[in-house]
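Residue numbers (my numbering), protein chains in the order written: chain C, 563 to 674; chain S, -2 to 112.
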């Protein structure tokens, strides 16, 4: 069953805490992306990676970090520096950069 | 800089009514254009895409969109909506410039179809 999985579905963060969102794909896609979705704001790009061991900042990278050690995995860490982390986070992948992106089911992050 | 504007925040239609959702973009070069749909409780899915060629593109579930370069528009249409079309629709742009690997999304249009 091919696709993109994100875990957990819901995540709670305490003040000052770093949390990591998981994104895994078994589509053999080179490129992976992280977006943040806020009500009425659409999706905004946080980070993207065209290939293993390489990634670039998107429009709203401040307070976030990523790694791309394996082709299948692109975890996103929401650091304590992100002052407004409550949002729906979507991971996507594409065969190569500039090809159609396919999205995972998302993780909703809430702050306690 | 590239941007996408979706004109309507929320559209309410009765079943069998025709649908047109507006999308305008700003970008100085060649573009790839997309419509994505997010059904309640489901993840974002690709509805249709335009890369080049015929400016009238057909997607899944009877949707189509027309790329009008002179108007910088990529409006989504469906002749007769169903209750199951209730969802949020996002228009997105990918520019062709060097290093331009970013999808820029509009803010979305919520469609509510009344049975």
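Note that CB positions come from ideal geometry on N, CA and C, so glycine has one too.
{"Asked": "Endpoints, beta strand (DSSP E) assigned at residue 579 (chain C)", "Found": "Where residue 579 (chain C) is concerned, there is no enclosing beta strand (DSSP E), given that its DSSP letter is neither H nor E."}
{"Asked": "Min CB distance residue 665 (chain C) to chain S below 7 Å", "Found": "yes"}
{"Asked": "7 Å Cβ cutoff, residue 625 (chain C) in contact with chain S", "Found": "no"}
{"Asked": "Beta-carbon proximity of residue 630 (chain C) to residue 656 (chain C), cut-off 7 Å", "Found": "no"}
{"Asked": "DSSP state of residue 57 (chain S) mapped onto helix, strand, coil", "Found": "helix"}
{"Asked": "CA-to-CA distance, residue 105 (chain S) to residue 584 (chain C), given in whole angstroms", "Found": "25 Å"}
{"Asked": "Span of the beta strand (DSSP E) around residue 113 (chain S)", "Found": "Shown here, chain S extends from -2 to 112; a query on residue 113 (chain S) therefore has no answer."}
{"Asked": "Span separating the alpha-carbon of residue 592 (chain C) from that of residue 112 (chain S)", "Found": "43 Å"}
{"Asked": "Bounding residues of the beta strand (DSSP E) (the contiguous stretch that carries residue 110 (chain S))", "Found": "106 to 111"}
{"Asked": "Span separating the alpha-carbon of residue -1 (chain S) from that of residue 101 (chain S)", "Found": "7 Å"}
{"Asked": "Chain S contacts from the stretch 578 to 590 of chain C (Cβ-Cβ distance under 8 Å)", "Found": "none"}
{"Asked": "Buried or exposed by the 16-neighbour rule on C-beta atoms within 10 Å, applied to residue 82 (chain S)", "Found": "buried"}
{"Asked": "Nonlocal neighbours in the same chain, by C-beta distance under 7 Å from residue 92 (chain S), ignoring five residues either side", "Found": "-1, 24, 26, 28"}
{"Asked": "For residue 532 (chain C), the residue or residues it bridges with in DSSP", "Found": "There is simply no residue 532 (chain C) to check, as chain C begins at 563 and stops at 674 in what is shown."}
{"Asked": "Cβ-Cβ distance between residue 1 (chain S) and residue 108 (chain S) below 7 Å", "Found": "no"}
{"Asked": "Sequence-distant residues of the same chain with beta carbon closer than 8 Å to residue 637 (chain C), five excluded per side", "Found": "582, 583, 584, 585, 628, 629"}
{"Asked": "Residue ranges of each beta strand (DSSP E) within the stretch 576 to 631 of chain C, 3 or longer", "Found": "581 to 587, 593 to 600, 604 to 613, 616 to 619, 626 to 628"}
{"Asked": "Proximal residues to residue 576 (chain C) (C-beta, below 6 Å), its chain only, five neighbours per side dropped", "Found": "674"}
{"Asked": "Option in C:635, C:651, C:625 with minimal Cα separation from residue 641 (chain C)", "Found": "C:625"}
{"Asked": "Beta carbon proximity, residue 603 (chain C) to chain S, threshold 7 Å", "Found": "yes"}
{"Asked": "Length of the line joining the Cα atoms of residue 672 (chain C) and residue 572 (chain C)", "Found": "8 Å"}
{"Asked": "Residue 41 (chain S) vs residue 32 (chain S) beta-carbon contact at 7 Å", "Found": "no"}
{"Asked": "Own chain, CB closer than 6 Å to residue 74 (chain S), minus 5 neighbours either side, in chain order", "Found": "17, 61"}
{"Asked": "First and last residue of the uninterrupted beta strand (DSSP E) at residue 21 (chain S)", "Found": "20 to 23"}
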